[in-house]
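In what follows, a single structure is set out as structure tokens and then discussed.
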Amino acid sequence: MREEIRFEHEQRRSRSEAADYPRAIADKLDAGDDVTLSAADKSVTLGPPETVDFEVIAGRETSSGADELSIEVELEWGEDDVDGELDVS
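Residue numbers for the sequence shown, in my numbering: 29 to 117.
Written as structure tokens, this is what we have:
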């Protein structure tokens with residue numbers, strides 16, 4: 029399966045500033061709203077269903093310089109996933 033990156037943005041922020049972004053996403057998820065990510069001229073809107081796959085990864089990337097540590101939080105769902113129960117009438 030091929031992965032297509034629809035939006036990617038990286039910038040250096042304080043811990044407090046960095047916490048604002050996942051908090052804003054969490055607020056959108058709690059409200060049942062779509063999530064729009066935008067920076068400069070790039071933008072993508074996603075509508076996660078009620079149930080998603082949730083993954084947290086703590087990693088270490090080694091290179092010739094200092095190691096780089098990371099925390100990644102990922103929400104995944106199928107493009108065809110829909111909310112609600114099947115209704116047959």
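Even for Gly, the Cβ is constructed at its ideal location relative to N, Cα and C.
Predicted model, so just to flag it, every value in this text is computed and none were measured.
Determine the direct distance from the alpha carbon of residue 60 to that of residue 78, and round the result to whole angstroms.
-> Those two C-alpha atoms are separated by around 8 Å.
Measure the C-alpha to C-alpha separation of residue 49 and residue 107 and round it to an integer number of angstroms.
-> The straight-line gap separating the alpha-carbon atoms of residue 49 and residue 107 is approximately 24 Å.
Just how far apart, CA to CA, sit residue 87 and residue 99?
-> The alpha-carbon separation between residue 87 and residue 99 amounts to approximately 6 Å.
Sort 73, 68, 52 and 69 by Cα distance to residue 62 and report the nearest one.
-> Proximity to residue 62 across 73, 68, 52 and 69 peaks at 73, based on C-alpha coordinates.
What are the start and end residues of the beta strand (DSSP E) that includes residue 104?
-> From DSSP, the beta strand (DSSP E) with residue 104 extends over 96 to 104.
What are the boundary residues of the beta strand (DSSP E) that residue 85 is part of?
-> 81 to 89 is the span of the beta strand (DSSP E), which, as asked, contains residue 85.
In the structure shown, what three-state DSSP assignment does residue 67 receive?
-> DSSP places residue 67 in strand when its eight states are reduced to three.
Which same chain residues, not among the five before or five after residue 67, have their C-beta less than 6 Å away from its C-beta?
-> So the qualifying residues of the chain are 37.
Quick one: what's residue 74 bridged to in DSSP?
-> Residue 74 pairs with 63.
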